[in-house]
Amino acid sequence: MNVYGIRAIYKFEMARTGRTLMQSIAWPVISTCLYFIVFGTAIGGRLGEIEGVSYGAFIIPGLIMLSLLSESISNASFGIFFPKFSGTIYEVLSAPVSAFEVVAGYVGAAATKSVIIGILILITARFFVDYDIAHPFWMFGFLILTAVTFSMFGFIIGVWADDFQKLQIIPLMVITPLTFLGGAFYSINMLPEFWQKVTLFNPVVYLISGFRWAFYGIADVNVGVSLAMTLLFLFACMTAVWWIFRTGYKIRT
């Protein structure tokens, strides 16, 4: 395995983050603070508790997951799309690095950025609400697993996209609505029985439910099912990436 190749891609992507620090790191944290102010403080003070947890604390896992999903996809998709757009992708393809090493570099950097943002949001939340983490090991496990999974999904989107408009379609038109409807700001048990069943077809429900269980020991879906669904999506993304490099699908566009 060419460790130097992975490190070169990883360092290049992380350096790009340093050059766009406000856009890459600061803005997601600031926007999440606005959610805390509006939902956690203003509205949360009137809603009381949900399943024994204050509303401000209850939405922390959902807000982290909202930023984690969008940033993982955006960072990874732009990371591989821009070399295609500028034509420098041929330098990567001609370098002595395998498909695995290319993916490891881009996905590793995108996942690292997302985990950093998630941790910063977690720290920032302390200024707004008090919370406890019942299962810190599982919390970090879900955080890293979700970041890696959706960074790989973002990599696939970056390969698929032909222009900047396509690059934004999935995060804005699919992922964000699914996150809002996936229990980020409420428990799906609060919904009528019919809509509870419909909501179970939303894959983001399992991510948020498992992540919230790691915080407070409460979940809308069994934590084992949440973990299994996340691993299943990771496997599907890995299979898609393998097919992309096997067939050369749009890599040289």
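Per numbering that gives the first Met the number 0, the very first residue in the sequence shown carries number 0; after that it's consecutive. Glycine included, each C-beta is placed from N, C-alpha and C at the ideal position.
DSSP, read as helix, strand or coil, puts Ile49 in strand. A Cβ-Cβ contact shorter than 8 Å links Ala133 with Tyr215. Cβ contact annotation for Trp212 (same chain, cutoff 6 Å, sequence separation greater than five): Ala218 and Val222, in chain order. Within the same chain, Val96, Glu100, Ala103, Gly104 and Gly107 come within 8 Å of Ile5 by CB-CB distance, once the 5 residues on both sides are set aside. With the rule of 3 Cβ pairs closer than 8 Å, the stretch 145 to 159 counts as touching the stretch 68 to 81. Shortest Cα-Cα distance from Ile115 to any of Arg245, Tyr3, Phe139 and Tyr185 involves Phe139. Judged by DSSP in its simplified three-state form, Thr175 adopts helix. Secondary structure within the stretch 206 to 241: not one fully enclosed alpha helix (DSSP H) run of 4 or more consecutive residues is present.
Fully contained in the stretch 118 to 164 are the following alpha helix (DSSP H) runs of length 4 or more, in chain order: 135 to 159.
Going by DSSP, Tyr9 is part of the alpha helix (DSSP H) stretching over Val2 to Arg18.
Within its own chain, the residues whose Cβ lies closer than 6 Å to the Cβ of Lys112, once the five positions on either side in sequence are excluded, are Thr16 and Asn74, listed in chain order.
By the Cβ test, the stretch 26 to 33 is not in contact with the stretch 169 to 189, since fewer than three Cβ pairs between them sit closer than 8 Å. Annotation: the continuous alpha helix (DSSP H) that includes Val91 extends over Ile88 to Ser93. Rounded to the nearest whole angstrom, the CA to CA distance from Leu190 to Asn201 is 14 Å.
Contact holds between the stretch 51 to 69 and the stretch 117 to 134, because three or more Cβ pairs, one in each stretch, are under 8 Å apart.
Val158 places its beta carbon less than 8 Å from that of Ile243.
Take Ser186, set aside five residues on each side of it, and the residues of its chain with a beta-carbon closer than 7 Å to its own are Ile49, Glu50 and Asp219, in chain order. Taking C-beta separations shorter than 8 Å and ignoring five residues to either side along the sequence, the partners of Leu230 in its chain run Leu144, following chain order.
Thr238 counts as exposed, since fewer than 16 other beta carbons sit within 10 angstroms of its beta carbon.
Minimum Cα-Cα distance from Asp161 among the listed residues Leu142, Phe77 and Arg18 corresponds to Phe77. The three-state secondary structure of Ser73, taken from DSSP, is helix.
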